[in-house]
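The next block holds one structure in the form of structure tokens; read it before the comments.
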Amino acid sequence: MRLKELLKGITVRRSFNFSNAEVAGLAYDSRKVRPGYLFVAISGTKQDGHAYIQDALLRGAEVVVVEKKDIVFPNKVVGLLVDNSREALAVLSTNFFREPSRRLKVIGITGTKGKTTTAYLVHNLHQTAGEKCGLIGTIAYQIGERQIASYNTTPESLDLQEMMSETEKAGCQTVVMEVSSHGSDQGRVAGIHFDSGLLTNVSSHEHLDYHGSFAKYLEAKIKFFKEYLATSAKEEKLALINLDDPSASHFLRSLKEKNVRVVTWGKNKKADVILLSYFLGESATVLDVSLQGKKERFSSPLKGLGNVFNLVLLVAYGWARHFPLELIHKSLVHSPTIPGRFEMIDEGQPFSVVVDYAHTADSLRSLLVSVRAMKPRRVILVFGCGGDRDRSKRPLMGKVAARLADLVIITSDNPRSEDPFRIIQDIRKGIPFFQRRRTVVIMDRRKAIQDALELAQKGDFVVIAGKGHETYQIFRETVVPFDDRIEARKVLERLLSRDEIKSGESL
């Protein structure tokens, strides 16, 4: 594609050695540059792409986009100065791949909790309806029959547009994607024409290490609806808003006088789709839902209190998009197992084990309340908190853990560059003194899981929280393979093979 065509919609403040060059490809990572590429230097939160311009040139970049005025370009290299490189990347990417989202149905799901599960449920509904459907989110990127491990809930704009293009080529009609607050705030989803936007909920103490305040975090969530969904070129745009959420009015105001149909859902009696009641059974979750006055019962094998609301949102979406009720029922009865989301580990042991991604106080509370509803003999909890993230949520999680579990084993999660001991100290600050006798610190996560399972007896429920689907553990200098589910299965297999699992009275 010629450079002038690529630059449509971009304000270039100044150009150097300009020529209408043929551009072979785009990159914002210098390691991915090939001869004839355009390289975009982004000032990131951790690294500055301007420091890698020389590397990009050595690899064959012929056009460089920058936002810093003091960059010197060699002869025959086209230099372009813009106000914001990341915004420019979004427009360049949209132009280069010729706006694939205009020809696809795109459903964006945002919120603090439930994005991943809701994305899987919506994806399953479209697949049940006979549509070939792509998926972009926290666990994986599914492009046609191909599945790629996820590295970001919402990838950078260039990667998103390329995925959309590949999804279209694979014969898909629909793409379901999670939209993170980072993705919205940084404009990664700019240039994507959304058909629908779904709001799960908004909780405090999430990503405050990045946003700085709850107000800024909320603003990023609202931005998805106000700027990206509302300005989409699609007709019949739809927004589903959780009317139970304390921030619901902010979202509703942002969509006033926009060309977007708004459907509300929740327990609130003023909602269009109302959760009337629910039952958390051993084999199924049953919901009674009012669809603008008409009562309907739905059932799904997905367990956990948090999933109740994910299931209601799926019903609301299906109903609002005029899917036949029989089809919605069918998709829910055959709900997919979501990796690391209330995922049961069963090797034939006489107690229950669940692995879950819960990593905030609200999600941990919901998880433990769900487990308590199953009337276990004891709840044994293993959890920690990630490093280089919002410290304020750590004591809150400690408080919830001590209140709702019978035995708490505090361990390391992904400490990153922080001292794991300091993270654990922060967690312990939230645990009242009189409850600390029921808490144990085991820094090594593998040993923490092992000890929890060795302590478990018939009728107990072991909860391993925080990492869910993750297959690694991040330390200051390294990333090591680690999967809570695999570790739990290894221990259970050993205990069962040696007949070491206890079935007697509590010690």
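Counting from 1102, one number per residue, gives the positions in the sequence shown under our numbering.
Where a beta carbon is used, it is the ideal one built from N, C-alpha and C, also for glycine.
Since the model is a prediction, treat every value here as computed from it, not as a measurement.
- Contact between the stretch 1555-1564 and the stretch 1450-1458 is present, with at least three C-beta pairs closer than 8 Å.
- Listed in chain order, the alpha helix (DSSP H) elements of length 4 or more contained wholly in the stretch 1249-1313 are 1258-1270, 1282-1286 and 1309-1312.
- Residue 1242 sits in a strand when the DSSP states are folded into three classes.
- For residue 1582, no alpha helix (DSSP H) encloses it; the enclosing beta strand (DSSP E) starts and ends at 1580-1582.
- Judged by DSSP secondary structure, residue 1573 falls outside any alpha helix (DSSP H) and instead within the beta strand (DSSP E) spanning 1573-1575.
- The C-beta distance from residue 1466 to residue 1503 rounds to 12 Å, too long to fall under 8 Å, and the pair is not in contact.
- Straight through space, the alpha carbons of residue 1509 and residue 1272 are spaced by roughly 49 Å.
- Under the 10 Å beta carbon count, residue 1129 is surrounded by 16 or more other beta carbons and is classified as buried.
- When DSSP states are grouped into helix, strand and coil, residue 1491 belongs to the coil group.
- In the three-state reduction of the DSSP assignment, residue 1148 falls in the coil class.
- Here residue 1363 is not near residue 1392, since their CB atoms are 9 Å or more apart.
- Boundaries of the beta strand (DSSP E) harbouring residue 1482: 1480-1484, taken from the DSSP string.
- One thing to note: residue 1277 has its Cβ no nearer than 9 Å to the Cβ of residue 1342.
- The alpha carbon of residue 1570 has as its nearest neighbour, out of 1332, 1252 and 1244, the alpha carbon of 1252.
- Within 10 angstroms of the beta-carbon of residue 1582 lie fewer than 16 other beta-carbons, which makes it exposed.
- Annotation: the continuous alpha helix (DSSP H) that includes residue 1196 extends over 1186-1197.
- If you look at residue 1565, you'll find it in the beta strand (DSSP E) that goes 1562-1566.
- An exposed status is given to residue 1493, since fewer than 16 other beta-carbon atoms sit within 10 Å of its beta-carbon.
- Classified as exposed, residue 1121 has fewer than 16 neighbouring CB atoms from the shown chains inside 10 Å of its CB.
- Selection 1519, 1474, 1459 and 1439 evaluated against residue 1241 yields 1439 as nearest (Cα-Cα).
- Burial state of residue 1227 is buried, judged by a 10 Å Cβ sphere holding 16 or more other Cβ atoms.
- Between residue 1180 and the set 1154, 1326, 1203 and 1205, the nearest pair of CA atoms involves 1154.
- For residue 1206, the enclosing beta strand (DSSP E) has its first and last residue at 1206-1211.
- Classified as exposed, residue 1152 has fewer than 16 neighbouring CB atoms from the shown chains inside 10 Å of its CB.
- With respect to the 9 Å criterion, residue 1543 and residue 1499 are not classified as neighbours on the basis of their beta carbons.
- DSSP places residue 1395 within a strand segment (E or B) once states are collapsed to three.
- In the three-state DSSP reduction, residue 1380 falls in the strand class (E or B).
- Per DSSP, reduced to three states, the secondary structure at residue 1413 is helical.
- Taking the Cα positions, residue 1114 is about 33 Å away from residue 1360.
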